[in-house]
Structures are given as structure tokens and as C-alpha cells.
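Q: Supplied in C-alpha cells, the structure appears directly below.
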Amino acid sequence: MTVLVAGASGATGRLLVDILLGHGRRVRAIVRSPARLPASLREHPRLSIVHADLLDLDEEAMARHVEDCTAIVSCLGHNPTLRGLFGPPRRLVTEATSRLCEAVRRCRPERPVRFVLMNTAGNRNRGIAEPVALGERLAVGLIRLLLPPHRDNEDAAAWLQAWFGPGDTAIEWVVVRPDSLTDADRVTAYDVHPSPIRSAIFDPGHTSRINVAHFIGELLADDLAWRRWALRMPVVYDSGAK
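If you read the sequence shown in the working numbering, its first letter stands for residue 629, the second for the next number, and so on.
Below, the structure written as C-alpha cells:
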């Protein structure tokens, strides 16, 4: 079983690759800068590295990279710099998600490929009409106008919901929504909820990157966990987050 990871050189992506390799998985990482991966990962015999900008790959190359994968994880995001927040590509997450999924569909897999999209607790699940207080609705609307990455995350999740519903033969997805991301050196207790239990704007919790990576690893390793969350948008919080 091979898992393709987009954004593998990022802060969460590196942790996820390490966890997947620890589970005995073969991992294919598409990265622009392989040197950003720790040497211990780059030299791992079950890790294959595709040195490329994902959005620069043509349809044939994209199909070749996804063809034998049973799962795909996107940990892509925008760097918290002026260029990362406001420069191109403004639709990085949405375009990568659509291109990866369309490549899977062209390959006509024998069973649906599991697609995990790392997103944000600030993006509500429109598929179940999550209630949002007026103040937060207004604040998110302003963020959507001022910060292109937020709109990109919303559009990526909405694209999956619109194109891949129950019974689809190509893709089955989970959108994982952590709250404010933090760094930690080990997995700790965390809670997973179908919807946010606090305001991501006015009462945010926090979620360590390693806990996000661990949850995604469990989704791909445990069929029961996958069936529980398939076609849903679970929210992950560190236990006891204040």
C-alpha cells in the first residue's frame, strides 16, 4: 500500500511521513525542496521522493504518481509570509486537491482511493449546515475577503463535497480540521468532534501538529476509524485545550 503525501516537507507533512513509515507504509512524497525533509526520512527505503512543484505536473505525470496509491493526503498550505498569504498561487490547496482527485478518476481505481485533506477549524462544514453565530459569521466573511488562504481552504473542502459523494467509485474523503496549530515533540491525548465545539475566532482551542499527523495516520491504518469519518469533516483538539 502506497500513500502519496502532498506537502510532505511542511511542518505537519514531515511528521505524517514519519508516522506512516512507522506503520510500515510505503510513502511517495511530492516536494519542491527535498532538502527540507530530514535526512532520516530522505534515506528511508520505503520513501520515494518526487522532486516537483505539484501544480507544474502535467496530466500524464500526475496520473503516473497516483496510479498505484491507495491513499492521498494533502498537507498543503500557504506560508505565513506576505508572499505566502497574498502571492500566487492563491488557490494552491483547491487546485492541488482537484488535480490529484481528477488524476485518480482518470486511473479508474478498483476501489475508492482515500483522500485526506488537512484544513482548518475556521472552515465550517456546509454539508451539514453547522450553526455559526452572527459575530463569527461576520468575522469569517472579513477574513475571507482579506486573507486569500482562508477562501482557498473553504473552496478545497467544498470542491470535495460537491464532486465526491456517497458511493463514488474513485474517491472517498475526510477533511481534517485542526484548531490553532502548535508544535509538540510527542503525541498527547486529543479529542475528535464532528463539528467545532468552540469558536475558532473568539474562543480558539489548539491542536499540535503531531496530534493531527497521528489522527490522519490512524484514519489510514484503521478501517473502523475511516468508516466513522468518511465524507465528514472532523475537528481535532488537544485534550484540555484552553
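All C-beta atoms, glycine included, are put in the ideal place defined by N, C-alpha and C.
These figures come from a predicted structure and were not determined experimentally.
How would you label L643, buried or exposed, when you count the other beta carbons within 10 angstroms and need 16 or more for buried?
A: Counting Cβ neighbours within 10 Å, L643 comes out buried, since at least 16 surround it.
Q: Please state the DSSP three-state secondary structure of C729.
A: C729 falls in the helix class under three-state DSSP.
Q: Which residues bound the beta strand (DSSP E) around H821?
A: 818-821 is the span of the beta strand (DSSP E), which, as asked, contains H821.
Q: Enumerate in chain order the residues of its own chain whose CB-to-CB distance from R660 is below 6 Å, with the five nearest sequence positions on each side excluded.
A: Closer than 6 Å at Cβ, skipping near neighbours: D681.
Q: Does DSSP classify A639 as helix, strand or coil?
A: Three-state result, A639: helix.
Q: Any Cβ of chain B within less than 8 Å of the Cβ of W787?
A: Of the protein chains in the structure, only one exists, and it is not chain B.
Q: Could you pull the start and end residues of the alpha helix (DSSP H) that F743 belongs to?
A: Counting along the chain, F743 falls outside any alpha helix (DSSP H), though it belongs to the beta strand (DSSP E) covering 741-746.
Q: Whole angstroms is fine: what's the gap from P776's alpha carbon to N707's?
A: One C-alpha to the other measures close to 12 Å.
Q: Indicate whether A785 and M861 have their beta-carbon atoms separated by less than 8 Å.
A: Cβ distance < 8 Å, so A785 and M861 count as in contact.
Q: Do you know whose CA, among P717, L852, G650, I844, lies nearest A699's CA?
A: With distances taken between Cα atoms, A699 lies closest to I844.
Q: Can you tell me whether DSSP reads L809 as helix, strand or coil?
A: Residue state, collapsed to three classes: strand.
Q: In terms of DSSP beta bridges, what is A657 paired with?
A: Paired residue(s): V633, I677.
Q: If you draw a straight line from the alpha carbon of D686 to that of V804, how long is it in whole angstroms?
A: About 28 Å.
Q: Quick one: Cα of R856 to Cα of W801, how far?
A: Each residue's alpha carbon lies about 12 Å from the other.
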